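Student: Counted the way full-length UniProt numbering counts, the sequence shown spans residues 1 to 410.
Before anything else, here's the structure in question.
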Amino acid sequence: MDTESTRTGPDGTARTGSVVGPRLLAAAVLLVTLVGVGVLRTVGAPGPAAAAAPAPEPADAGPAIAAADRPDGCVTPDRRIQLYAVELPKDPITKQVRLGYGLTPQTAAYPGPTIEMIEGECLAITLHNQVPAATLEALRTDPNHPVAVSLHTHGVKYTQQSDGTLHSNSYVAPGQSRTYVWFAKPRNPATGSQGTAGYWWYHDHLVGGPHGTKGIASGLFGALIVRRQGDPRPDRTYVTAFGDRQTINLRRSSEADTCDEQNPVPGPTCLVARLGERVEFVAIGLGDDMHTFHLHGHSWADSRTGVVDGTNRALVDSVPVIDNKTLGPGDTFGVTVLAGDSVGPGHWMLHCHMQFHSDLGMSTMFHVLNPDGTMPPHPAAAPTGAKAASTGTGANAAPAPAAGHANHHS
Ligand SMILES: [Cu+2]
Numbered sequence: 001m002d003t004e005s006t007r008t009g010p011d012g013t014a015r016t017g018s019v020v021g022p023r024l025l026a027a028a029v030l031l032v033t034l035v036g037v038g039v040l041r042t043v044g045a046p047g048p049a050a051a052a053a054p055a056p057e058p059a060d061a062g063p064a065i066a067a068a069d070r071p072d073g074c075v076t077p078d079r080r081i082q083l084y085a086v087e088l089p090k091d092p093i094t095k096q097v098r099l100g101y102g103l104t105p106q107t108a109a110y111p112g113p114t115i116e117m118i119e120g121e122c123l124a125i126t127l128h129n130q131v132p133a134a135t136l137e138a139l140r141t142d143p144n145h146p147v148a149v150s151l152h153t154h155g156v157k158y159t160q161q162s163d164g165t166l167h168s169n170s171y172v173a174p175g176q177s178r179t180y181v182w183f184a185k186p187r188n189p190a191t192g193s194q195g196t197a198g199y200w201w202y203h204d205h206l207v208g209g210p211h212g213t214k215g216i217a218s219g220l221f222g223a224l225i226v227r228r229q230g231d232p233r234p235d236r237t238y239v240t241a242f243g244d245r246q247t248i249n250l251r252r253s254s255e256a257d258t259c260d261e262q263n264p265v266p267g268p269t270c271l272v273a274r275l276g277e278r279v280e281f282v283a284i285g286l287g288d289d290m291h292t293f294h295l296h297g298h299s300w301a302d303s304r305t306g307v308v309d310g311t312n313r314a315l316v317d318s319v320p321v322i323d324n325k326t327l328g329p330g331d332t333f334g335v336t337v338l339a340g341d342s343v344g345p346g347h348w349m350l351h352c353h354m355q356f357h358s359d360l361g362m363s364t365m366f367h368v369l370n371p372d373g374t375m376p377p378h379p380a381a382a383p384t385g386a387k388a389a390s391t392g393t394g395a396n397a398a399p400a401p402a403a404g405h406a407n408h409h410s
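Right, dumping it as structure tokens:
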């Protein structure tokens, strides 16, 4: 378990490492988690230099928020963050437009930054639309639809002013800004409130049409994690958004895993951890298809956090342990595993188990490093039937007419 109070990711953005006490809770929630941040230092290869983290704004910064714009229970925002919507380089394969949210314009990405809240917290997010108007116009399906982006979230509480929808006029034109207020309503058994702790996502609801279909498909989405005080904290968090065209985070397998074997830098296309680290995955269902989240060599409790701690034997025994979970459009859940637990370091497949999806590229790798941070080698290749046939020394050396790929090199 990480004992640092904060860490600095490759882009210089600090994240919380652990909740170390109630007095530090306020400080802890001032930070935002980025996808898989944290530098995995390999032997002899230091991680990327940490840039200075942007200073969080004091809670009283920024304009006051009108009472009508705040959900019940949110008196004053406990924290304010800036979020930028920008246009990114086109997808190198499909040439599709790519948009992203970022805590700075320079760090915008898809998925956007993982935003972490603690139950009871009220968060003000000011969205700055820096996407060129011409790009948004080209994505419209209706010439009367506004040229705008928005921020809509799941799970937490917000008023109509923060819905991020067309009919509520809660969207942002190019060059403009708007502040959205989210409240992570806490659980309160006395009143029957279930609270809002869980794994959620946020996304655009305006680009292209009134459901933000083009915005989501272009990359305007990210994870929101609401924790309950006392929840086990992960060492690393990764977002895996399963989308259309059999993509994970809008990329197919060859682009979905760009881990450098010598110096893996954690990120949306490099799912990596050291042996024994507690790793949290947020699964998001994008688009129109059903998927499943399947991870080789690892399993988790099918509970709110993916972990069942404590000694409540009846509870522990009643929660199923699974390694594959169905993900429909708009669904989100969290999975927490101990990297390489009982199985060791290695390259573990993470893929959709709808077979035609995985065959078409909906697959990536979870790399579990050796304890010293080095990447384990891939096991030696076993001789294949094709190679054995191609040696030409055996009784079966002459390929049969229907021998498939054994013939292709001739
Ligand atoms: Cu799938």
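Even for Gly, the Cβ is constructed at its ideal location relative to N, Cα and C.
All figures in this text were calculated on a predicted structure; none of them were measured in a lab.
Using the three-state DSSP reduction, which class does ALA217 fall into: helix, strand or coil?
Tutor: Taking the sequence shown and counting its residues from 1, one reaches residue 217 at position 217. ALA217: helix per DSSP, three-state reduction.
Student: Between the segment 143 to 155 and the segment 198 to 212, do at least 3 Cβ pairs fall closer than 8 Å?
Tutor: yes
Student: Indicate whether TRP300 and ILE322 have their beta-carbon atoms separated by less than 8 Å.
Tutor: Here the question's residue 300 lines up with position 300 in the sequence shown. Here the question's residue 322 lines up with position 322 in the sequence shown. Contact flag set, yes.
Student: Is there contact between the segment 178 to 191 and the segment 285 to 298, where contact requires at least three CB pairs shorter than 8 Å?
Tutor: No, they do not touch.
Student: Does the distance from the CB of GLY361 to the CB of ARG278 come in under 8 Å?
Tutor: Taking the first residue of the sequence shown as 1, we reach residue 361 at position 361. Taking the first residue of the sequence shown as 1, we reach residue 278 at position 278. No, Cβ-Cβ distance for GLY361 and ARG278 is not below 8 Å.
Student: Would you give the residue range spanned by the beta strand (DSSP E) that VAL368 belongs to?
Tutor: If you number the sequence shown from 1, residue 368 lands on position 368. Run containing VAL368: 363 to 369, per the beta strand (DSSP E) assignment.
Student: Give the straight-line distance between the Cα atoms of ASN144 and CYS352, rounded to the nearest whole angstrom.
Tutor: Residue mapping note: residue 144 aligns to position 144 of the sequence shown, counting from 1. Residue mapping note: residue 352 aligns to position 352 of the sequence shown, counting from 1. One C-alpha to the other measures close to 38 Å.
Student: Can you determine whether any heavy atom of ligand 3 sits closer than 7 Å to the C-beta of MET349, and answer yes or no?
Tutor: As far as ligands go, the structure on display features ligand 1 and does not contain ligand 3.
Student: What separation, rounded to the nearest whole angstrom, lies between the Cα atoms of residue 452 and ARG233?
Tutor: For the chain, the structure presents residues 1 to 410; residue 452 sits outside this window and is missing.
Student: Measuring straight from C-alpha to C-alpha, what distance separates GLY112 and ASP359?
Tutor: Numbered from its first residue, the sequence shown carries residue 112 at position 112. Numbered from its first residue, the sequence shown carries residue 359 at position 359. Between GLY112 and ASP359, the C-alpha separation is close to 27 Å.
Student: What would DSSP say about residue 411, mapped onto helix, strand or coil?
Tutor: Here the chain covers residues 1 to 410 and nothing more, so residue 411 does not appear.
Student: Just grab the DSSP bridge partners of TYR202 for me.
Tutor: Translated into positions along the sequence shown, residue 202 becomes position 202. For TYR202, which the question treats as bridged, DSSP gives the partners THR153 and GLY222.
Student: Does DSSP put ARG313 in a helix, in a strand, or in coil?
Tutor: Within the sequence shown, numbered from 1, the residue matching residue 313 stands at position 313. Helix, per DSSP.
Student: Output yes or no for whether 8 Å exceeds the beta carbon distance between ASP204 and GLY215.
Tutor: Residue mapping note: residue 204 aligns to position 204 of the sequence shown, counting from 1. Residue mapping note: residue 215 aligns to position 215 of the sequence shown, counting from 1. Going by C-beta atoms, ASP204 is nearer than 8 Å to GLY215.
Student: Assuming contact is defined by CB atoms lying nearer than 8 Å, are LEU139 and ALA85 in contact in what I supplied?
Tutor: Within the sequence shown, numbered from 1, the residue matching residue 139 stands at position 139. Within the sequence shown, numbered from 1, the residue matching residue 85 stands at position 85. It is not a contact, given that the beta carbons lie outside the stated cut-off.
Student: First and last residue of the beta strand (DSSP E) that includes ALA273?
Tutor: Here the question's residue 273 lines up with position 273 in the sequence shown. For ALA273, the enclosing beta strand (DSSP E) begins and ends at 271 to 274.
Student: Let's see if you can read the secondary structure: which residues bound the beta strand (DSSP E) around SER177?
Tutor: The sequence position of residue 177 within the sequence shown is 177, counting from 1. Taken as a continuous stretch (DSSP letters only), the beta strand (DSSP E) holding SER177 covers 177 to 183.
Student: Considering only residues of the segment 233 to 314, which uninterrupted alpha helix (DSSP H) runs meet the minimum length of 4 residues and lie entirely inside it, listed in chain order?
Tutor: Within the segment 233 to 314, the complete alpha helix (DSSP H) segments of 4 residues or longer fall at 253 to 256, listed in chain order.
Student: Using 7 Å as the cut-off, classify the Cβ of CYS259 as near or not near the heavy atoms of ligand 1, replying yes or no.
Tutor: Working through the sequence shown from its first residue, we reach residue 259 at position 259. Checking every heavy atom of ligand 1 against the Cβ of CYS259, none is found closer than 7 Å.
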